[in-house]
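S.K.: Below is a structure I'd like to ask you about.
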Amino acid sequence: MAVKQLLAGKTALVTGAANRIGAQIARTLHQNGANLIIHHRPSTQNVIGNASHTSSLNAKALETEFNSLRPGSSIRYQAELLNIIDIESLAQKSSQTFGQLDILVNNASRFYSTPLGSITEHNWTDLLSSNLKAPLFLSQACYPALVKTKGCIINLLDIYATSPLKDHSLYCSAKAANQMLVKSLALDMAPKVRVNGIAPGAIIWPAANQSSDEQQAILNKIPLQKIGTLENITQTVLFLINNDYITGEVITVDGGRLLTN
3 MAVKQLLAGK
13 TALVTGAANR
23 IGAQIARTLH
33 QNGANLIIHH
43 RPSTQNVIGN
53 ASHTSSLNAK
63 ALETEFNSLR
73 PGSSIRYQAE
83 LLNIIDIESL
93 AQKSSQTFGQ
103 LDILVNNASR
113 FYSTPLGSIT
123 EHNWTDLLSS
133 NLKAPLFLSQ
143 ACYPALVKTK
153 GCIINLLDIY
163 ATSPLKDHSL
173 YCSAKAANQM
183 LVKSLALDMA
193 PKVRVNGIAP
203 GAIIWPAANQ
213 SSDEQQAILN
223 KIPLQKIGTL
233 ENITQTVLFL
243 INNDYITGEV
253 ITVDGGRLLT
263 N
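The sequence shown begins at 3 in the numbering used here and counts up one residue at a time.
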């Protein structure tokens with residue numbers, strides 16, 4: 003199958019690109035001709051069970067895959083996005099590696115429950131930083147490079163930015179702030195840089211150990227009676243990249259679930 007060239011000559015940085023939605027976004031942009039900066043978290047322990055170590059291995063595999071298809075078209079960088087120095091370094095390297103930066107996808111995120119009564123200051127710092135601080139400061143750091151290419155930014159949000167999920171008050175609040183960040187940055191960065199967001203609903207089953215009853219309960223809340231696919235998200239990413247008259251918008255990709263909340 004011939005490689006598509008919709009994004010030939012462009013460079014994209016995808017954060018949290020080693021796994022799940024981030025990996026599929028990176029793969030789709032590369033298939034469409036873009037050079038890829040694959041961001042992943044630093045390895046903190048040399049053990050397979052460590053999540054950041056697994057991300058490092060997956061990022062390396064993705065880099066190898068891309069470069070085997072198109073030599074010299076991809077590179078991976080590790081960065082702790084809770085750290086301003088790492089953020090600024092990632093932005094600088096991403097704009098210099100291929101000589102330009104056209105697309106920033108703020109996908110990296112932390113997600114876990116914080117039931118009332120158990121919330122800690124660490125939870126606050128972790129969830130607000132990963133879902134709000136990092137996208138803001140990375141967007142700011144990448145802005146000068148994106149201005150040169152009249153590029154774009156896409157933030158991955160969540161339907162829970164507008165409809166809360168029980169026991170996830172910090173995560174929902176962070177995503178709600180991120181949604182306003184999309185609109186605010188779109189205004190501040192216009193006319194040279196466009197900023198949009200995507201709010202996924204249930205995209206692939208969130209937990210491998212879910213029972214059929216639990217899965218059916220989720221489906222019952224979705225008018226289209228099915229969960230979404232990674233391709234549903236990547237199609238929306240491509241649409242937002244290629245439509246140069248859309249900015250400040252958040253597209254919900256949830257099968258109509260918000261209609262029932």
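Heads up, the beta-carbon is just placed ideally off N, CA and C, and yes, glycines get one too.
Bear in mind the structure is a predicted one, so any value in this text is a computation, not a measurement.
Does residue 124 pass the burial test, meaning 16 or more other C-beta atoms within 10 Å, or should it be called exposed?
M.R.: That one is exposed.
S.K.: I need the DSSP call for residue 79, collapsed to helix, strand or coil.
M.R.: Strand at residue 79.
S.K.: What separation, rounded to the nearest whole angstrom, lies between the Cα atoms of residue 219 and residue 230?
M.R.: Taking the straight line from one Cα to the other gives about 15 Å.
S.K.: Mind checking residue 173: buried by the 16 CB within 10 Å criterion, or exposed?
M.R.: Residue 173 comes out buried.
S.K.: Pick out whichever of 74, 71 and 79 has its Cα sitting closest to the Cα of residue 62.
M.R.: Comparing Cα-Cα distances from residue 62 to each of 74, 71 and 79, the minimum goes to 79.
S.K.: Could you compute how far the alpha carbon of residue 12 sits from the alpha carbon of residue 119?
M.R.: When rounded, the distance between both Cα atoms is 47 Å.
S.K.: Please state the DSSP three-state secondary structure of residue 253.
M.R.: Residue state, collapsed to three classes: strand.
S.K.: Who are residue 157's beta bridge partners in DSSP?
M.R.: Per DSSP, 108 and 199.
S.K.: When the cut-off is 8 Å and only beta carbons count, does residue 202 lie next to chain B?
M.R.: The structure shown contains no chain B; it holds only a single protein chain.
S.K.: From the DSSP secondary-structure annotation, give me the bridge partner or partners of residue 13.
M.R.: According to DSSP, which records beta bridges pairwise, residue 13 is partnered with 37.
S.K.: Starting from residue 193, trace the alpha helix (DSSP H) in both directions and tell me its first and last residue.
M.R.: Segment: none, residue 193 is in no alpha helix (DSSP H) and carries neither H nor E.
S.K.: Mind checking which residues open and close the alpha helix (DSSP H) that includes residue 225?
M.R.: Neither: residue 225 is in no alpha helix (DSSP H) and is coded neither H nor E.
S.K.: Take residue 108 as the anchor and find which of 180, 147 and 146 has the nearest alpha-carbon.
M.R.: If we check each option's Cα against that of residue 108, 180 comes out closest.
S.K.: Have a look at 188, 106, 215 and 223 and flag the residue whose alpha-carbon is nearest the alpha-carbon of residue 247.
M.R.: It is 188 whose Cα lies nearest to the Cα of residue 247.
S.K.: How would you write the range of the alpha helix (DSSP H) that residue 87 sits in, first residue to last?
M.R.: Its alpha helix (DSSP H) spans residues 86 to 99.
S.K.: Leaving out five residues on either side along the sequence, give the residues of the same chain with a beta carbon under 7 Å from the beta carbon of residue 42.
M.R.: Excluding residues within five positions, the ones whose Cβ falls inside 7 Å are 19, 20, 57, 58, 61, 78 and 80.
S.K.: Applying the 10 Å Cβ sphere with the 16-neighbour rule, what's the burial state of residue 263?
M.R.: Looking at its Cβ environment, which holds fewer than 16 other Cβ atoms inside 10 Å, residue 263 is exposed.
S.K.: Please name the residue or residues paired with residue 230 in a DSSP beta bridge.
M.R.: DSSP, once it has assigned bridges, lists 205 as partnering residue 230.
S.K.: In the DSSP assignment, the alpha helix (DSSP H) including residue 116 goes from what residue to what residue?
M.R.: Here residue 116 belongs to no alpha helix (DSSP H), and DSSP marks it neither H nor E.
S.K.: So what does DSSP say about residue 1, is it helix, strand or coil?
M.R.: Given a span of 3 to 263 for the chain in the structure shown, any question on residue 1 remains unanswerable.
S.K.: Based on DSSP bridge pairs, tell me the residues matched to residue 42.
M.R.: Note: residue 42 sits in a beta bridge opposite 80.
S.K.: Does the pairing of the segment 83 to 103 with the segment 129 to 143 give three or more beta-carbon distances under 8 Å?
M.R.: They touch, by the three-pair rule.
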